[in-house]
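In my numbering, the protein residues as written are 15 to 532.
In structure tokens form, the structure reads like this:
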């Protein structure tokens with residue numbers, strides 16, 4: 015069969031862009047024209063692939079790589095027909111966890127010129143949040159209360175907690191429909207298949223939600239390709255932008271197919287055997303998430319990862335990996351509470367830190383993003399005490415390294431961790447590998463921000479928040495920090511131990527001056 019050439023599209027009045035999502039089961043693309051009256055979809059492309067082998071650190075075969083390259087090549091042809099040059103392409107767990115995912119990324123680049131970016135769970139959560147937020151906003155609504163977002167993918171489930179409209183927590187769990195299907199492959203023909211999947215999902219739901227305030231969840235938003243197919247099975251008439259799917263309906267559907275053979279189940283669902291089998295773990299996890307949170311229904315929005323990718327390309331967007339300051343601060347405050355910190359102390363420390371930052375701009379020349387990183391680090395600097403008060407600065411770094419933080423790039427997350435780590439005890443040393451691995455600019459930023467944090471940390475060693483306002487003055491080689499208290503003997507003593515890093519970084523002597531003189 016001769017391949018038909020794509021006819022060039024008529025000229026577009028707006029700005030055409032493309033977003034590509036290389037998932038475990040498909041490569042999906044959204045081609046959109048951005049116009050003043052809003053985005054208009056040009057094409058929504060789905061090309062099936064099977065990256066399941068990569069989910070357990072396995073190798074992606076030559077055949078699988080060829081599938082992906084063919085899919086991306088076809089998408090590029092569509093892009094050319096619309097004159098699209100602006101594109102963002104990401105890959106999720108199927109590529110991220112495979113032993114040779116970097117080989118696939120390079121082969122795609124060489125064959126098509128497209129740079130696939132492997133993203134982590136925190137960025138996935140941010141993208142799903144961005145897509146949902148845009149959808150709700152277009153309808154004139156808002157995300158109120160505490161909402162839990164779940165994207166049930168083939169390779170994993172991404173969770174996000176939204177509190178008062180802000181994404182404050184995220185995590186990435188290894189419960190994916192393809193992953194479960196592969197794990198139970200030996201019993202697919204057994205009557206125990208559905209029962210085992212149901213029980214496995216119960217344990218998975220309890221485990222993945224253990225760190226979330228399940229008793230305060232007001233809404234459950236769930237998404238994913240298999241979730242959308244499940245919705246079509248249970249409610250084929252569904253057409254709303256956000257559909258309600260009662261847990262009772264999910265249970266009735268699950269019970270109606272659980273005892274069927276996989277062939278009979280496929281006939282019942284009107285699809286191939288594999289696709290029908292993948293619906294079971296999707297249904298089971300939704301049922302048990304409802305059970306754990308006490309919710310009677312889930313909400314299925316008509317959004318995908320691509321909607322979040324598109325939101326990043328719209329005018330006024332902050333761009334990939336970024337959340338604004340308000341979201342970041344809410345996320346940091348959530349971390350303090352999760353790890354049993356003193357939020358009042360943390361917030362006062364952060365307020366002092368940004369006062370010092372703002373009043374020394376002529377020294378450091380840093381921008382608003384670095385200011386937000388300092389504020390974040392100041393809020394979370396003490397959470398390591400959750401592990402042990404001794405060496406809590408190192409424990410804080412450990413927690414941050416092993417926590418999903420949406421809205422920060424990988425580099426920014428490293429910077430925040432290092433700033434928090436150096437708020438006390440030793441400054442950076444040649445044998446500190448994590449610090450030495452930073453870029454030259456990264457080291458400078460950490461030194462500047464950490465030295466500021468050390469100063470304000472010393473101003474509240476009593477942890478009573480006595481000092482709330484600073485007024486800085488630079489004169490004759492000194493930085494004079496005027497505080498709003500007269501009795502500051504304790505603070506002066508603490509500053510003597512903490513100011514050396516600031517003095518060496520900025521070349522100024524630091525003096526703390528009490529209100530109304532001595």
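Ideal placement from N, C-alpha and C gives every residue a C-beta, glycine not left out.
Hey, is the segment 310–320 in contact with the segment 235–253, meaning 3+ C-beta pairs nearer than 8 Å? yes
When burial is assigned at 16 or more other CB atoms within 10 Å of the CB, is residue 519 buried or exposed? buried
Sub-9 Å separation of residue 392 and residue 339 beta-carbons: no
Sequence-distant residues of the same chain with beta carbon closer than 6 Å to residue 310, five excluded per side: 261
Check residue 113 in the structure and name its three-state DSSP category. coil
Hey, would you say residue 437 sits closer than 9 Å to residue 468, going by beta carbons? Between residue 437 and residue 468, the CB-CB gap stays under 9 Å.
Roughly how many angstroms separate the alpha carbons of residue 460 and residue 398, rounded to a whole number? 19 Å
Within a Cβ cutoff of 6 Å, which residues of the same chain sit near residue 532, ignoring the five residues on either side of it in sequence? For residue 532, the predicted structure reports a pLDDT of 47, less than 50, and the residue's modelled location is therefore unreliable. The matter cannot be settled from this model.
Could you tell me the alpha carbon to alpha carbon distance between residue 499 and residue 431, rounded to whole angstroms? 31 Å
For the beta strand (DSSP E) that contains residue 135, what are its first and last residues? Not the beta strand (DSSP E): residue 135 falls in the alpha helix (DSSP H), residues 135–152.
Which residues in the same chain as residue 200 place their Cβ atom closer than 6 Å to its Cβ, once the five residues preceding and following it in sequence are excluded? Cβ within range, chain order: n/a, list empty.
Starting from residue 348 and walking both ways along the alpha helix (DSSP H), at which residues does that stretch end? 339–352
So does the segment 276–290 actually touch the segment 322–334, counting three or more Cβ pairs closer than 8 Å? no
First and last residue of the beta strand (DSSP E) that includes residue 378? Here residue 378 belongs to no beta strand (DSSP E); instead the alpha helix (DSSP H) covers 375–378.
Around the Cβ of residue 402, are there at least 16 other Cβ atoms within 10 angstroms (buried) or fewer (exposed)? exposed
Measuring alpha carbon to alpha carbon, tell me which residue in 229, 97 and 523 is nearest residue 465. 523
Identity of the residue in 425, 525 and 31 nearest residue 384 by Cα: 425
Just reading off the alpha helix (DSSP H) that residue 426 is part of, what are its end residues? 424–435
Can you grab the Cα-Cα spacing for the pair residue 429 / residue 389, in whole Å? 12 Å
Where in the segment 220–249 do unbroken runs of the alpha helix (DSSP H), each at least 4 residues long, occur, reported from the N-terminal end onward? 239–248
So residue 525 is in the alpha helix (DSSP H); what residue range does that whole segment cover? Here residue 525 belongs to no alpha helix (DSSP H); instead the beta strand (DSSP E) covers 523–527.
According to DSSP, is residue 494 helix, strand or coil? strand
Over the uninterrupted beta strand (DSSP E) stretch that includes residue 307, give me the two end residues. No beta strand (DSSP E) contains residue 307, which is instead part of the alpha helix (DSSP H) from 287–307.
Going by DSSP, what residue range makes up the beta strand (DSSP E) through residue 55? 52–62
Quick one, which of 370, 439 and 405 has its alpha-carbon nearest residue 495's? Ranking the options by Cα distance to residue 495, first place goes to 370.
Identified DSSP bridge partners for residue 174: 163 and 184
In chain order, what residues of the same chain have a beta carbon less than 6 Å from the beta carbon of residue 133, not counting five sequence neighbours either side? 104
Please report the distance separating the alpha-carbon of residue 536 from that of residue 307. The question about residue 536 has no answer, for the chain in this structure spans 15 to 532.
Should the segment 335–354 be called in touch with the segment 440–450, which here means at least 3 C-beta pairs below 8 Å? no
In whole angstroms, what is the alpha-carbon distance linking residue 282 and residue 273? 12 Å
Does at least one heavy atom of the ligand MG sit under 8 Å from the Cβ of residue 313? The ligand MG is absent from the structure shown, which contains no ligands of any kind.
If we ignore side chains and look at the alpha-carbon of each, how far apart do residue 521 and residue 394 end up? 28 Å
How should residue 53 be labelled, buried or exposed, when 16 other C-beta atoms within 10 angstroms of its C-beta is the threshold for buried? buried
Can at least three beta-carbon pairs, one atom from the segment 245–254 and one from the segment 167–175, be found at a separation below 8 Å? no
Are the CB atoms of residue 418 and residue 184 nearer to each other than 9 Å? yes
Per-residue DSSP class, three states only, for residue 331: Of the three classes helix, strand and coil, the one that applies to residue 331 here is coil, per DSSP.
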